[in-house]
Amino acid sequence: SVGAIVVFEGRPRNDNGISALFYESYDEMAINELEEIRKEALNSFEVQEIFIFHRKGLVKVGEVSFIVIVCAKHRQPAFRCVEWIVDKVKERVPIWKKDVKF
Numbered sequence: 001s002v003g004a005i006v007v008f009e010g011r012p013r014n015d016n017g018i019s020a021l022f023y024e025s026y027d028e029m030a031i032n033e034l035e036e037i038r039k040e041a042l043n044s045f046e047v048q049e050i051f052i053f054h055r056k057g058l059v060k061v062g063e064v065s066f067i068v069i070v071c072a073k074h075r076q077p078a079f080r081c082v083e084w085i086v087d088k089v090k091e092r093v094p095i096w097k098k099d100v101k102f
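Its first residue numbered 1, the sequence shown is counted upward by one per residue in the working numbering.
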């Protein structure tokens with residue numbers, strides 16, 4: 001029943017001489033909040049499945065740090081869902097980043 005799979009990849013940019021970002025999180029709370037966002041999205045959008053992953057530790061410029069994958073019958077709800085999830089993760093999940101220059 002899946003006709004669309006939308007994938008978002010977040011990557012550190014080379015802004016102001018940044019070489020990497022170092023991500024830290026409050027793991028238990030972050031995992032719980034990611035699952036809560038996933039459940040809310042599944043109930044709010046016409047989608048079949050959602051995967052959300054965020055790395056921790058050192059992530060160099062250009063490497064993938066954050067992935068959201070949404071599977072849906074049609075592309076429009078999948079795109080809307082991905083955008084909503086990215087916004088909610090940035091607002092609610094306790095993940096912090098520090099600029100790294102080397």
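Note that the Cβ used here is the ideal one computed from N, Cα and C, for glycine as well.
Have a look at the DSSP bridge pairing and note the partners of residue 81. Working through the sequence shown from its first residue, we reach residue 81 at position 81. Answer by DSSP bridge pairing: none, since residue 81 is not bridged.
Determine the extent of the beta strand (DSSP E) in which residue 9 is found, giving its start and end residues. Against the sequence shown, residue 9 aligns to sequence position 9. Counting along the chain, residue 9 sits inside the beta strand (DSSP E) bounded by residues 4-10.
Reducing DSSP to helix, strand and coil, say where residue 63 ends up. Taking the sequence shown and counting its residues from 1, one reaches residue 63 at position 63. Coil at residue 63, not helix or strand.
Who are the near neighbours of residue 21 in its chain, counting only those whose CB is closer than 6 Å to its CB and skipping five residues on each side? The residue you call residue 21 lines up with position 21 of the sequence shown. If we look at residue 21 and ignore the five residues flanking it on each side, its Cβ neighbours are 12, 59 and 97.
What does the alpha-carbon distance come out to for the pair residue 24 and residue 65? Position 24 of the sequence shown, counted from the first residue, corresponds to residue 24. Position 65 of the sequence shown, counted from the first residue, corresponds to residue 65. Looking at the two C-alpha atoms, the distance is approximately 12 Å.
Compute the distance between the beta-carbons of residue 45 and residue 92, then report whether it is under 8 Å. Here residue 45 refers to the residue found at position 45 of the sequence shown. Here residue 92 refers to the residue found at position 92 of the sequence shown. Result no, Cβ atoms of residue 45 and residue 92 do not sit closer than 8 Å.
Could you spell out the range, first to last residue, of the beta strand (DSSP E) harbouring residue 44? Counting from 1 along the sequence shown, the entry for residue 44 is found at position 44. Run containing residue 44: none in the beta strand (DSSP E); it sits in the alpha helix (DSSP H), 27-44.
Just to confirm my understanding: we take residue 18, look at its own chain, exclude 5 residues before and 5 after, and list those with CB closer than 8 Å. What are they? Position 18 of the sequence shown, counted from the first residue, corresponds to residue 18. If we look at residue 18 and ignore the five residues flanking it on each side, its Cβ neighbours are 12, 61, 99, 100 and 101.
Under a Cβ-count criterion, where at least 16 other Cβ atoms within 10 Å of its own Cβ denotes burial, should residue 63 be classed as buried or exposed? Counted from its first residue, the sequence shown places residue 63 at position 63. Exposed: under 16 other Cβ atoms inside 10 Å.
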